[in-house]
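Student: Pasting a structure here, questions to come.
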Amino acid sequence: MTDFRCSVASRDDEEPMAGTAPTDTELLLVEHAGSWGRQAVAESRLPEAVRDHLAGLADVRVQLVRRHGGGAGTGTRVFHARATGSGFEVRTGVLGGPEDLLDLDVERDLASYDGALWLVCTNGRRDRCCAEIGRPIAAALAEKWPEATWETTHLGGHRFSGTLLALPSGHTLGRLDATSSVEACAALERGEVPLEHSRGRAGLTESGQVRELHVLAGGDPDVELVEVPVAPRRASCGDLVEKPRTRWEPRPG
0 MTDFRCSVAS
10 RDDEEPMAGT
20 APTDTELLLV
30 EHAGSWGRQA
40 VAESRLPEAV
50 RDHLAGLADV
60 RVQLVRRHGG
70 GAGTGTRVFH
80 ARATGSGFEV
90 RTGVLGGPED
100 LLDLDVERDL
110 ASYDGALWLV
120 CTNGRRDRCC
130 AEIGRPIAAA
140 LAEKWPEATW
150 ETTHLGGHRF
160 SGTLLALPSG
170 HTLGRLDATS
180 SVEACAALER
190 GEVPLEHSRG
200 RAGLTESGQV
210 RELHVLAGGD
220 PDVELVEVPV
230 APRRASCGDL
240 VEKPRTRWEP
250 RPG
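Spelled out as structure tokens, the structure:
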């Protein structure tokens, strides 16, 4: 347990990243600068009524966010993102406090937001790779894009650390470091997709992500994608359980 790193094992195993981005079509990002537990929202210091409310939101992925370095402004910054055909529609606002989440009306209380957001997973309580690799990434991005950069609690796939979700595009990246993350985000700003780091576009199904990446790489859009089981392996630094896995393989139609 002490020396194992899930991100190193995944990289050495050449595990494909395509199709591993979040499939959620609606996200709610809540600023909370306090310490994060493994189950970040449930174990946070948010008021109990707020935690219960967030846990009861159907079909919404709730994540906590904070600025690198732990600072927080006045009020509670909230971002809401809803998937569209080409990415996400993002809205934002600053609430008076977390209790205002209880009667939040996205359309009424939040304004359209068209800037970039770089959401870097840094929750070490969830997986040590996220903290060890993610925090230097957040520092590097915050130096260049201080307003766009946020640390976040869990993007899934910590074995692909460092991981990052870019909004509004939805592109989800993995196996980043401090240098490659800046290069990858600069590419996204130019409208390019850094395929060597791409896990897929959030909001799409797994197969949809794989197909899109296949096409972006110059492949046939009509290719048949087959989900193939592979040997189980550990997917986390803090969990000895070996989980079943699959990989997507393109096959000629």
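Residues in the sequence shown are numbered from 0 upward in steps of one, following numbering that gives the first Met the number 0. Using N, Cα and C, we set each Cβ at its ideal position, and we do this for glycine too.
Assign Cys236 to one of three DSSP states: helix, strand, or coil.
Tutor: Looking at Cys236 - three-state DSSP - the assignment turns out to be coil, as it is neither helix nor strand.
Student: I need the boundaries of the beta strand (DSSP E) containing Val93, first residue and last residue.
Tutor: Counting along the chain, the beta strand (DSSP E) containing Val93 begins and ends at 87-94.
Student: Just list the residues that DSSP pairs Val29 with in beta bridges.
Tutor: According to DSSP, Val29 bridges with Leu63, Val77.
Student: CB-CB under 7 Å to Leu45, same chain, minus the five flanking residues each way: which ones, in chain order?
Tutor: So the list reads His31, Pro97, once near-sequence residues are dropped.
Student: Check whether the Cβ atoms of Leu53 and Val40 lie closer than 8 Å to each other.
Tutor: In contact: Leu53 and Val40 (Cβ atoms closer than 8 Å).
Student: Give me whichever residues DSSP pairs with Trp117 in a beta bridge.
Tutor: The partner list for Trp117 (beta bridge, DSSP) reads Thr148, Ala165.
Student: Using only the alpha-carbon positions, how far apart do Phe159 and Val59 sit?
Tutor: Cα to Cα, the separation comes out at about 23 Å.
Student: What residue from Glu25, Gly18, Ser6 has the CA that sits closest to Glu248's CA?
Tutor: Minimum Cα distance to Glu248 is reached at Gly18.
Student: Let me check one thing: in DSSP terms, what residues is Trp247 bridge-paired to?
Tutor: DSSP lists Glu226 as partners of Trp247.
Student: Might you give, ordered along the chain, the residues of its own chain that have their beta carbon closer than 8 Å to the beta carbon of Met0, omitting 5 neighbours on each side?
Tutor: Confidence is the limiting factor: at Met0 the pLDDT is only 47, short of 50, which leaves the residue's position unreliable and the question unanswerable from this model.
Student: Compute the Euclidean distance between the alpha carbons of Val49 and Leu100, then round it to the nearest angstrom.
Tutor: If I take the Cα positions, the gap works out to 7 Å.
Student: Evaluate Thr73 with the Cβ neighbour count: other Cβ atoms within 10 Å of its Cβ, from every protein chain shown; 16 or more gives buried, anything less gives exposed.
Tutor: Result: exposed.
Student: Lys242 by DSSP, collapsed to three states: which one?
Tutor: Lys242: strand per DSSP, three-state reduction.
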